[in-house]
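Visitor: This structure is in C-alpha cells; I'll ask about it shortly.
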Amino acid sequence: MGARVRGLAVIVVVLTVGAFAGSALGQWWEAPLPGDEGASAAEMASAEGERIRVEVLNGGGRTGMARAATGELRETGFDVVYFGNGEARDSSVVFARTDQVEVARLVADELGIRRVVAEPDSNLYLDVTVVLGQEWEPRPESEADSDGSPPWWDVRRFFRKRPGAPPRPEERLADPPNDDGGA
Numbered sequence: 010m011g012a013r014v015r016g017l018a019v020i021v022v023v024l025t026v027g028a029f030a031g032s033a034l035g036q037w038w039e040a041p042l043p044g045d046e047g048a049s050a051a052e053m054a055s056a057e058g059e060r061i062r063v064e065v066l067n068g069g070g071r072t073g074m075a076r077a078a079t080g081e082l083r084e085t086g087f088d089v090v091y092f093g094n095g096e097a098r099d100s101s102v103v104f105a106r107t108d109q110v111e112v113a114r115l116v117a118d119e120l121g122i123r124r125v126v127a128e129p130d131s132n133l134y135l136d137v138t139v140v141l142g143q144e145w146e147p148r149p150e151s152e153a154d155s156d157g158s159p160p161w162w163d164v165r166r167f168f169r170k171r172p173g174a175p176p177r178p179e180e181r182l183a184d185p186p187n188d189d190g191g192a
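For the sequence shown, the residue numbers in my numbering are 10 to 192.
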C-alpha cells in the first residue's frame with residue numbers, strides 16, 4: 010500500500026510542477042492565434058507600461074454611439090474609464106491628452122477615425138479623449154465575429170497579450186505625424 014501512495018504522490022508532484030512550469034513559459038511564449046498577424050493596437054502600452062486610458066464622448070446625437078465605441082475599444086484591450094455625451098460634431102476627432110500623440114493614433118486607428126489632435130491637459134487622468142461625430146458608424150457585428158478570432162472554447166483569449174511592435178505606417182488610418190502633433 011505504501012508503494013501505491015508514494016507512486017500517486019510522485020504523479021501529483023510531477024503534474025503540479027508541470028503546471029507551474031507551463032504557466033511560467035506561457036508568459037514568454039504565445040501560441041499564434043488564427044488570423045493573428047502581430048500585435049493589435051491595444052497591446053501597445055504607454056511609455057509607463059500602463060493601459061491606455063480613454064474617454065469616449067457621443068457628439069453624433071445618435072443613442073448608443075459612445076457605448077458601441079467603448080465596447081470596441083474594451084474588446085481590444087483599451088481601458089475606457091468614462092463614456093457619455095459630448096459636444097455636437099459633424100466629424101469625429103481623437104484628442105491626445107498627454108504628449109504621446111502616438112497613443113491617440115492607436116485609438117483612432119482602432120475606431121477608424123482619421124483626425125487626431127494634440128491637446129494635452131494635465132488636469133485629466135486620461136491619455137486620450139474620443140469625440141464621435143455624426144458620421145461615425147460602429148463596426149458591424151458580423152465583421153467582429155468573422156475576423157479570425159479564436160473559438161469560444163479557446164482559453165487563450167482570456168489572457169492579456171504582451172505588447173508588440175506598432176502597426177506599420179501603411180496600416181494606419183489616422184493622420185500621419187507632423188510637426189504640430191497631428192493637428
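Glycine included, every Cβ here is placed at the ideal spot set by N, Cα and C. No experiment lies behind these values; they were computed from the predicted model shown.
Of all the options ALA127, LEU120 and ARG76, which has the alpha carbon lying nearest to the alpha carbon of SER110?
Guide: Locating residue 110 in the sequence shown gives position 101, where the first residue counts as 1. One point to set straight first is that residue 110 is Val, not Ser, in the sequence displayed. Among ALA127, LEU120 and ARG76, the Cα nearest to that of VAL110 belongs to ALA127.
Visitor: Mind checking whether TYR91 and GLU59 have CB atoms under 7 angstroms apart?
Guide: By 1-based counting over the sequence shown, the position of residue 91 is 82. By 1-based counting over the sequence shown, the position of residue 59 is 50. In this structure, GLU59 does not lie closer than 7 angstroms to TYR91 by Cβ.
Visitor: Quick one: Cα of GLY190 to Cα of VAL102, how far?
Guide: Counted from its first residue, the sequence shown places residue 190 at position 181. Counted from its first residue, the sequence shown places residue 102 at position 93. Only weak support exists for where GLY190 lies, its pLDDT of 48 falling under 50; the coordinates are left without a value.
Visitor: Nearest to GLY69 by CA position, among ARG148, PRO147, LEU141 and GLU146, is which residue?
Guide: Along the sequence shown, one-based indexing puts residue 69 at 60. The candidate whose alpha carbon is nearest that of GLY69 is LEU141.
Visitor: Can you say whether ASN67 is buried or exposed, counting buried as having 16 or more other CB atoms within 10 angstroms of its CB?
Guide: Taking the first residue of the sequence shown as 1, we reach residue 67 at position 58. Answer is buried; the Cβ neighbour count reaches 16.
Visitor: Mind checking which residues open and close the beta strand (DSSP E) that includes ASP130?
Guide: Position 121 of the sequence shown holds residue 130. Counting along the chain, ASP130 falls outside any beta strand (DSSP E), and DSSP gives it neither H nor E.
Visitor: Once DSSP output is grouped into helix, strand and coil, what is the label at ARG83?
Guide: Against the sequence shown, residue 83 aligns to sequence position 74. It is helical.
Visitor: Quick check: what's the CA-CA separation for VAL89 versus THR79?
Guide: The count along the sequence shown starts at 1 and reaches residue 89 at position 80. The count along the sequence shown starts at 1 and reaches residue 79 at position 70. So the two alpha carbons sit approximately 6 angstroms from each other.
Visitor: List the whole-angstrom C-beta distance separating ALA106 from LEU82, where the pair is believed to meet the contact cut-off of C-beta under 8 angstroms.
Guide: Counted from its first residue, the sequence shown places residue 106 at position 97. Counted from its first residue, the sequence shown places residue 82 at position 73. Looking at the sequence itself, residue 106 is Arg, so the reference to Ala does not match. Wrong, their Cβ atoms sit about 15 angstroms apart, outside the cutoff.
Visitor: Do you know whose CA, among ARG15, LEU17 and GLN143, lies nearest GLU96's CA?
Guide: As a working note, residue 96 is residue 87 in the sequence shown. The shortest C-alpha separation from GLU96 is found at GLN143.
Visitor: What number of angstroms, rounded off, separates the C-alpha of ARG15 from the C-alpha of VAL21?
Guide: Counted from its first residue, the sequence shown places residue 15 at position 6. Counted from its first residue, the sequence shown places residue 21 at position 12. Those two C-alpha atoms are separated by around 10 angstroms.
Visitor: Let me know the secondary structure DSSP gives ASP108 once reduced to three states.
Guide: Along the sequence shown, one-based indexing puts residue 108 at 99. Three-state DSSP puts ASP108 in coil, outside helix and strand.
Visitor: Rank ASP99, TRP145, PRO129 and ASP130 by C-alpha distance to the C-alpha of ASP118 and give the top, closest one.
Guide: Here residue 118 refers to the residue found at position 109 when the sequence shown is read from its first residue. Selected option, being the one with the closest Cα: TRP145.
Visitor: Between the Cα of THR138 and the Cα atoms of PRO149, VAL116, LEU24 and ARG71, which residue gives the shortest distance?
Guide: Looking up residue 138 in the sequence shown gives position 129. Measuring from the Cα of THR138, the nearest candidate turns out to be VAL116.
Visitor: Quickly, what does DSSP pair PHE2 with across the bridge? List them, please.
Guide: For the chain, the structure presents residues 10 to 192; residue 2 sits outside this window and is missing.
Visitor: Would ALA75 and PRO147 qualify as a contact pair, given that the criterion is a beta-carbon distance under 7 angstroms?
Guide: Here residue 75 is taken as the residue at index 66 of the sequence shown, counted from 1. Here residue 147 is taken as the residue at index 138 of the sequence shown, counted from 1. Not a contact, by the Cβ cut-off of 7 angstroms.
Visitor: With 16 other CB atoms within 10 Å as the buried threshold, where does LEU120 fall?
Guide: The residue given as residue 120 occupies position 111 in the sequence shown. That one is buried.
Visitor: Report the residue from PHE29, THR25 and ARG71 whose alpha carbon sits nearest the alpha carbon of ASN94.
Guide: For the purposes of this step, residue 94 is taken as the residue at position 85 of the sequence shown. Considering only alpha carbons, the answer is ARG71.
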